[in-house]
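Colleague:
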Ligand code: GLY
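In our numbering, the protein residues as written are 27 to 588.
#1: For the segment 363 to 430, which segments carrying the beta strand (DSSP E) assignment without a break, of at least 3 residues, lie completely within its bounds, in sequence order?
#2: Can you tell me whether DSSP reads residue 306 as helix, strand or coil?
#3: Using three-state DSSP, classify residue 578 as helix, strand or coil.
#4: Can you tell me where the beta strand (DSSP E) with residue 270 in it begins and where it stops?
#5: At which residues does the alpha helix (DSSP H) containing residue 446 begin and terminate?
#6: Give every residue of the same chain whose Cβ lies closer than 8 Å to the Cβ of residue 431, excluding the five residues on either side of it in the sequence, and list them in chain order.
#7: Could you please give the first and the last residue of the uninterrupted alpha helix (DSSP H) stretch that includes residue 296?
#8: Any chance you could list the residues with Cβ under 6 Å from a heavy atom of the ligand GLY, keeping chain order?
#9: Give the range of the beta strand (DSSP E) segment to which residue 540 is assigned.
#10: As a quick exercise: from 309, 154, 287, 188, pick the residue whose alpha carbon is nearest that of residue 336.
#11: Just to confirm my understanding: we take residue 560, look at its own chain, exclude 5 residues before and 5 after, and list those with CB closer than 8 Å. What are they?
#12: Over the uninterrupted alpha helix (DSSP H) stretch that includes residue 37, give me the two end residues.
#13: Which ranges does the beta strand (DSSP E) cover as unbroken runs of at least 3 residues, wholly within the segment 179 to 258, from first to last along the chain?
#14: In its own chain, which residues sit with a C-beta less than 6 Å from the C-beta of residue 258, not counting the 5 before and 5 after it?
#15: Considering only the alpha carbon of each residue, which of 202, 172, 148, 260 lies closest to residue 589?
#16: Under 8 Å by Cβ, that's how I've got residue 497 and residue 570 pegged, so tell me the actual separation to the nearest angstrom.
#17: Less than 7 Å between C-beta atoms, sequence neighbours within five positions excluded: which residues of the same chain meet that for residue 161?
#18: The beta strand (DSSP E) that contains residue 108, what's its start and end?
#19: Which one of 58, 464, 111, 151 has the shortest CA to CA distance from residue 228?
#20: When you compare the CB positions of residue 66 and residue 92, do they come within less than 8 Å of one another, or not?
#21: For a test of the three-state rule: what should DSSP assign to residue 260, helix, strand or coil?
#22: Compute the Euclidean distance between the alpha carbons of residue 46 and residue 296, then round it to the nearest angstrom.
#23: Within the continuous alpha helix (DSSP H) that includes residue 500, where are the two ends?
#24: Classify residue 201 as buried or exposed, calling it buried when 16 or more other Cβ atoms lie within 10 Å of its own Cβ.
#25: Is the segment 537 to 554 close to the segment 517 to 528, with three or more CB pairs under 8 Å?
Shown next as structure tokens:
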């Protein structure tokens, strides 16, 4: 049975049982800002458990896109995925335990013709009583092996509060002979006023809901693996075409790397489709991690540059009949991130092999700490995370205090875009000096998220042609992916280096200097407290917006990033 048929069978089965078919919601939850991603089918319906009268129907069914990234490092084994589809039926006062359990039993044993190894039911803890009703229903259905369990069979809430309750889980044997949990049937009987973590620590309270809710979740990939009698997800038709394409593009064989690339590309396609773009925090950072892992493992497989988007195309064509996928955006974001990271990876790997410490790798070579940690683990080494965190804290403190004292006018804030423009500011000054000579001194600057402004000593208008040349030069340095390196040194040494100083500024005996390095020598050396991007390739496209007179002998440039 193909995966498309499993999806279809599920929806149709519950439609026949009086459920309204609902589309998947976005991976970025609209109604639950307390969670990063949609991790369960019930999330889009969360509010209906408290207010059933608002629900579009009493009973609904869906196939929901989900992302869970807490176990990203485990991806590549037989049981972990970051992206998966979740089949689920839900009821807000339409039915209770008997129907929920009977439907599940019928679907698994009759529609899919699978044997159930055993089921679990809640044994009771604190104010939540033993689930005798579920136990008895399973007994009536002829279930021999019913196991009573605690915390593991109490589900939810998602986010910082919400519905939750005892569950009953269905286990089936996979092709390796192991029992795997395939379906989780939750009886939402309580509202929890804190997160699951707080609930487990006894710091949150449960309040009985007015109406019993049903919330079930069955991972499609796991189910299909069992239905198709395969040993792993990657052997099912859900992964067939992408795995074939990966093998076709690879020059070496490494089945774990193949799995990781396949899995991560799938995740990336769906995340980008739902509006996530690679970035340095939150959702963007997670997507970046997923994509960078895909780049790294595709590198291990010898897949040449600019091929990740080809893999993404395979995913798009596979899923486009079930989901709306924004093809062009997916391709361009993946290409951009791949390009950016390939160079960082090359340079950083060299340094990593030399044994450079994780802090320098992060701040100078743009190697995320998680990556360094993974690489070290592969070599059977541990890195000192505590030492890294400490140095990082110190680094941030230093760049903050330094930037207050040393950068006149300076930065309006430390938003990512302001930081990018700050590095672009250094490149602009370097380009002006390269073109017109070292006498072009900076006389003031102001940078915010939108634009940079630089005043400098120059006695005439800059022609359009010259502007273009300067712009091009800065963009060349940006795309060259030059590392931006911070050094602390005695003032004298910095002066000897010819570091660019702020006019009229007083410097302390130990100063912070930022160098932007090119293979042929430094492009820029400035006295500066930062912060800066770690590599110029993070900046984006540089554009001069305006060049005008500021005062006698002083010109002003305004520039933006596009
Ligand atoms: N909400 C049930 C599950 O995700 O398993």
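The beta carbon of each residue, even a glycine, is placed where N, CA and C say it ideally should be.
Modeller: The structure says:
#1: none
#2: The residue you call residue 306 lines up with position 280 of the chain shown. It is coil, neither helix nor strand.
#3: Residue 578 sits at position 552 when you count from the first residue of the chain shown. Coil.
#4: Counting from one through the chain shown, the residue named residue 270 turns up at place 244. Residue 270 -> not in any beta strand (DSSP E); alpha helix (DSSP H) instead, spanning 263 to 275.
#5: Taking the first residue of the chain shown as position 1, residue 446 is located at position 420. Residues 442 to 462.
#6: In the chain shown, residue 431 corresponds to position 405, counting from 1. Model confidence at residue 431 stands at a pLDDT of 37, short of 50, so the residue's coordinates are unreliable and nothing is read from them.
#7: By 1-based counting over the chain shown, the position of residue 296 is 270. Looking at the DSSP string, the run of the alpha helix (DSSP H) that includes residue 296 is 281 to 299.
#8: 66, 68, 181, 210, 212, 241, 243
#9: Locating residue 540 in the chain shown gives position 514, counting from the first residue. Looking at the DSSP string, the run of the beta strand (DSSP E) that includes residue 540 is 536 to 544.
#10: As a position in the chain shown, residue 336 is number 310, starting the count at 1. For the residues 309, 154, 287, 188, the minimum Cα distance to residue 336 belongs to 287.
#11: As a first step, residue 560 must be located in the chain shown, where it is residue number 534. Within the same chain, residue 560 has close Cβ partners 388, 389, 390, 391, 392, 509, 510.
#12: For the purposes of this step, residue 37 is taken as the residue at position 11 of the chain shown. 29 to 42 is the span of the alpha helix (DSSP H), which, as asked, contains residue 37.
#13: 188 to 199, 205 to 218, 232 to 245
#14: Taking the first residue of the chain shown as 1, we reach residue 258 at position 232. So the qualifying residues of the chain are 104.
#15: This structure cannot speak to residue 589, because the chain is shown only from 27 to 588.
#16: Taking the chain shown and counting its residues from 1, the one referred to as residue 497 is at position 471. Taking the chain shown and counting its residues from 1, the one referred to as residue 570 is at position 544. Right, their Cβ atoms sit about 5 Å apart.
#17: Looking up residue 161 in the chain shown gives position 135. So the list reads 147, 172, once near-sequence residues are dropped.
#18: Along the chain shown, one-based indexing puts residue 108 at 82. First-last for residue 108: undefined, no H or E at that position.
#19: Looking up residue 228 in the chain shown gives position 202. Of the candidates 58, 464, 111, 151, the one whose C-alpha sits nearest the C-alpha of residue 228 is 151.
#20: Along the chain shown, read from residue 1 onward, the residue named residue 66 stands at position 40. Along the chain shown, read from residue 1 onward, the residue named residue 92 stands at position 66. Their beta carbons are under 8 Å apart, which means residue 66 touches residue 92 by this criterion.
#21: Indexing the chain shown from 1 puts residue 260 at position 234. Helix at residue 260.
#22: Along the chain shown, read from residue 1 onward, the residue named residue 46 stands at position 20. Along the chain shown, read from residue 1 onward, the residue named residue 296 stands at position 270. C-alpha separation (whole angstroms): 24 Å.
#23: Working through the chain shown from its first residue, we reach residue 500 at position 474. Per DSSP, residue 500 belongs to the alpha helix (DSSP H) from 490 to 505.
#24: Taking the first residue of the chain shown as position 1, residue 201 is located at position 175. Result: exposed.
#25: yes
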